[in-house]
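Take a look at the structure set out below.
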Amino acid sequence: MAHATNDLVAADIEGYLRAHENKSMLRFITCGSVDDGKSTLIGRLLYDSKLVFSDHLAALENDSKKVGTQGDGLDFALLVDGLAAEREQGITIDVAYRFFSTERRKFIVADTPGHEQYTRNMVTGASTADLAVILIDARRGVLTQTRRHSYLVSLLGIRNVVLAVNKLDLVDYSQDVFDAIEADYREFAAQIGLTDIVAIPMSALRGDNITELSPNIGWYTGPTLVGHLETVEIADDLHAGPFRLPVQWVNRPNLDFRGFSGQIAGGSVRPGDRVRVLPSGQESTVERIVTADGDLDEAIAGQSITLTLTDEIDVSRGDIIATAGDPPGIADQFECHLVWMSEEPMLPGRPYLLKIGSRTTSVTIAQPKYKVNVNTLERTAARTLELNEIGVANINLDRQIPFDPYTANRDTGGFILVDRFTRATVAAGLLHFALRRADNVHWQAVEVDKTARARQKGQRPALLWFTGLSGAGKSTIANLVEKRLHDQGFHTYLLDGDNVRHGLNKDLGFTDADRVENIRRVAEVAKLMVDAGTIVLASFISPFRAERQMARELLGAGEFIEIFVDTPLSVAESRDRKGLYAKARRGDLVNFTGIDSPYEAPENAEIVLDASGSVSAETAAETVVDYLRGTGILTPPEAS
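See below:
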């Protein structure tokens with residue numbers, strides 16, 4: 002270590018490790034405006050905790066001379082700002098996690114960026130924190146960034162706040178300055194539900210009130226920062242709440258053992274407790290609590306365990322084992338907060354993947370009810386959410402999931418959204434409540450089903466989805482295919498992109514969000530028509546793979562046939578009878594596919610038609626009909 006050796010370490014390393022292992026853990030974040038001193042504070046905490054190794058200290062001294070901001074003194078911020086870009090700019094641009102400990106407690110601290118464009122990074126750091134240290138430069142007082150970070154802290158369920166009024170040495174340690182800042186902040190904090198606030202005057206650079214009370218601030222009689230962090234009691238709501246175990250793994254090492262493994266997300270459990278498995282609703286009794294160190298008489302939130310049950314019931318990964326008398330809710334439609342974290346804007350109606358606990362399901366998002374200006378707390382209308390924006394929207398899942406509101410349990414009420422193709426995380430979400438319609442709207446059973454309708458028509462229903470650039474020839478080929486099928490006595494209907502915009506979708510434009518909604522509506526209509534036993538032909542540019550995949554997943558196996566009308570852009574443009582490409586080239590027509598809006602070509606289409614001009618439309622249509630014959634779609638169900 003840098004400048005001290007712990008006597009206990011030297012005398013009894015095993016005793017030191019045992020004592021260290023039994024310390025409680027506090028996770029906290031530092032946040033605030035740019036240059037408020039967050040990185041300097043954490044660097045000071047590491048330095049004062051004797052957790053800077055000699056080689057790191059030497060590097061710090063060298064770096065402080067080269068790129069530091071403190072002249073000949075140590076620039077403690079350099080202990081935390083590890084990225085080259087951070088050191089060059091003197092700012093924090095990513096979340097930095099650091100570990101340190103004192104005699105009484107262990108800590109994991111996340112240093113989060115102050116700039117508004119890094120809101121998503123700040124949310125990431127705050128998602129697991131128990132406490133927030135919000136720094137304010139004593140010279141500047143409460144700023145817009147202070148309010149923004151405080152709102153995010155409140156939104157994410159952090160209730161313990163340290164108001165660290167930093168750089169007090171630069172205002173002559175003025176009590177009047179400190180009192181004015183504290184009063185200003187508490188007035189704002191009350192508006193967003195933050196009430197558990199401890200205000201501490203300090204100088205991170207000089208070490209005032211960090212580990213010891215400073216003689217420079219004799220008028221202050223409260224705790225030091227470290228003293229407060231060591232003793233603050235974090236509300237143990239999870240331990241006191243109902244039992245929740247999201248199942249991560251069904252443990253079946255042999256025929257004689259079947260357990261359900263995961264980390265307890267809430268409450269406690271003992272052998273003999275009655276539990277319910279969600280979403281199935283089956284009940285059983287806890288037989289054993291198994292760990293690597295042997296069976297337990299009790300397990301609490303935060304522990305990783307394996308449960309065995311007295312009954313042979315079906316339990317799968319993603320299920321939740323819960324207290325039988327106080328189970329989580331079950332629903333597939335919710336209102337939620339969304340923090341958008343992708344540079345690609347949210348597209349209402351587009352299918353994303355939702356990951357909550359150990360369960361993954363498909364989800365679509367409705368148009369936001371509103372978005373929140375986190376600087377002013379004003380609610381404004383929104384059609385979508387952009388990077389770092391926060392809004393409230395309804396979401397619709399493809400199946401029911403067990404859940405708790407985020408305010409009751411972060412683990413069973415918090416989720417992330419993932420892009421289905423890139424697998425990138427695009428948003429973080431907080432469940433508010435299930436929508437009442439999720440319980441009130443049920444699928445009505447009917448006696449005349451799709452099979453009966455198909456048998457009556459003597460065909461197998463299917464959706465033929467023609468996709469390609471504008472001018473590719475989709476409608477021409479689809480029209481020829483329908484004519485051939487109609488002449489042979491088959492029941493068909495052609496949904497054409499231009500035609501549906503005269504009625505069903507007349508309210509939609511051509512933005513990416515509108516294109517997604519256009520295809521969503523058409524896919525739902527096509528699903529109903531397939532259910533009626535009809536062979537449906539849909540001719541749409543449908544530029545995004547995600548929406549075409551969504552349409553495919555609405556139907557049964559073999560019922561969706563993607564037909565890629567493959568035409569080079571130059572050829573499609575040469576066929577531009579409407580003059581649309583020319584307008585787009587001039588900038589008179591925005592969001593035009595192939596020019597300023599992308600077209601994502603199919604990767605695994607059932608049929609690929611060369612529509613460059615080397616093959617006639619009639620031949621292409623016959624290729625489609627031949628495919629339908631080969632797959633049995635044109636065969637009466639009785640003959641199958």
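Per the working numbering, the sequence shown starts with residue 2, numbered consecutively.
Every residue, glycine too, gets a C-beta built ideally from N, C-alpha and C.
Below 8 Å on the Cβ atoms is my guess for residue i versus residue j; work out the distance and round it to an integer in Å.
| i | j | result |
| --- | --- | --- |
| S262 | Q283 | About 18 Å; that fails the 8 Å criterion. |
| L157 | V375 | About 12 Å; that fails the 8 Å criterion. |
| I314 | T292 | Between T292 and I314 the Cβ distance is about 22 Å, and since that is not below 8 Å, they are no contact. |
| M347 | T385 | 5 Å |
| V33 | Q192 | For the sequence presented, residue 33 should be read as Gly rather than Val. 18 Å between Cβ atoms; not a contact. |
| F565 | P603 | 5 Å |
| L556 | L464 | 6 Å |
| N519 | N506 | 5 Å |
| Y353 | V427 | 7 Å |
| F404 | P329 | 6 Å |
| R521 | E548 | 7 Å |
| P349 | V517 | 7 Å |
| Q460 | P599 | With a Cβ gap of about 36 Å, Q460 and P599 do not count as contacting. |
Going by the DSSP bridge assignment, what does residue i pair with across the sheet?
| i | result |
| --- | --- |
| D403 | For the record, residue 403 in the displayed sequence is Pro; it is not Asp. BP columns for P403 point to I331. |
| Y494 | V537 |
| T423 | Its beta-bridge partners do not exist; DSSP assigns none. |
| D567 | D611 |
| Q264 | S305 |
| G392 | L339, K372 |
| D209 | S204 |
| M26 | K107 |
| Y628 | Answer by DSSP bridge pairing: none, since Y628 is not bridged. |
| F593 | BP columns for F593 are empty, so no partner. |
| L256 | Answer is none; L256 lacks a bridge partner. |
| P352 | T365 |
Between the C-alpha atoms of residue i and residue j, what's the straight-line distance to the nearest angstrom?
| i | j | result |
| --- | --- | --- |
| I322 | I331 | 13 Å |
| A85 | K356 | Annotation note: pLDDT 39 at A85 (below 50); position unreliable, coordinate value reported separately. Taking the straight line from one Cα to the other gives about 33 Å. |
| A527 | I542 | 16 Å |
| V417 | L339 | Going by the sequence as given, residue 417 is Ile instead of Val. Between I417 and L339, the C-alpha separation is close to 9 Å. |
| L279 | T408 | 20 Å |
| V68 | D36 | Because the pLDDT of V68 is 49, which lies under 50, any placement of that residue in the model is unreliable, and the number read from its coordinates should be weighed accordingly. Roughly 16 Å separates the two Cα atoms. |
| S617 | G474 | 10 Å |
| E336 | S25 | 35 Å |
| S653 | F100 | Missing from the structure shown is residue 653; the chain here goes from 2 to 641 and no further. |
| T212 | T222 | 14 Å |
| A524 | G194 | 43 Å |
| V373 | E188 | 20 Å |
| V178 | A184 | 10 Å |
| W220 | S175 | 9 Å |
| R121 | A205 | 26 Å |
| D488 | Q457 | 18 Å |
| S281 | S317 | 10 Å |
To which residues of the same chain is residue i closer than 8 Å at the C-beta, ignoring the five residues directly before and after it?
| i | result |
| --- | --- |
| G268 | L239, H240, A241, G242, P243, F244, R245, I301, A302, T324 |
| E299 | S269, V270, R271, I290 |
| G208 | R45, D49, S215 |
| Y582 | S471, G472, A573, E574, F593, G595, I596 |
| S128 | L157, R411, G415, A429 |
Residues in its own chain within less than 6 Å of residue i by CB, not counting five upstream and five downstream?
| i | result |
| --- | --- |
| A111 | I30, V96, Y98, G126 |
| L378 | none |
| R259 | R253 |
| L132 | F29, N161 |
| T286 | R275, T311 |
| L398 | D333, T362, V364 |
| R351 | V517, A547 |
In chain order, what residues of the same chain lie with their CB nearer than 7 Å to the CB of residue i, ignoring the 5 residues before and after it?
| i | result |
| --- | --- |
| R360 | G319, I402 |
| Y371 | R380, T381, A382, A383, G392, V393 |
| L462 | Correcting the residue type first, residue 462 is Pro in the shown sequence and not Leu. These residues qualify, in order along the chain: K451, A455, V531, G534, T535, I536, E560. |
| E483 | T493, L495, L538 |
| R485 | A622, V626 |
| A606 | E563, I564, F565 |
| D296 | R289, I290 |
For chain C, check one thing: does any of its Cβ atoms lie closer than 8 Å to the Cβ of residue i?
| i | result |
| --- | --- |
| I417 | Judged by its chain identifiers, the structure shown contains no chain C, having just a single protein chain. |
Any heavy atom of the ligand FMN within a distance shorter than 7 Å of the CB on residue i?
| i | result |
| --- | --- |
| D173 | The ligand FMN is not among the ligands present in this structure, which contains no ligands whatsoever. |
(message) So, does the region 493–500 touch the region 592–608, judging by three or more C-beta pairs under 8 Å?
(response) no
(message) Would you call the region 217–230 in contact with the region 158–171, where contact means no fewer than 3 C-beta pairs closer than 8 Å?
(response) yes
(request) Please confirm if the region 165–175 is in contact with the region 130–143, defined as three or more CB-CB distances below 8 Å between the two stretches. (result) yes
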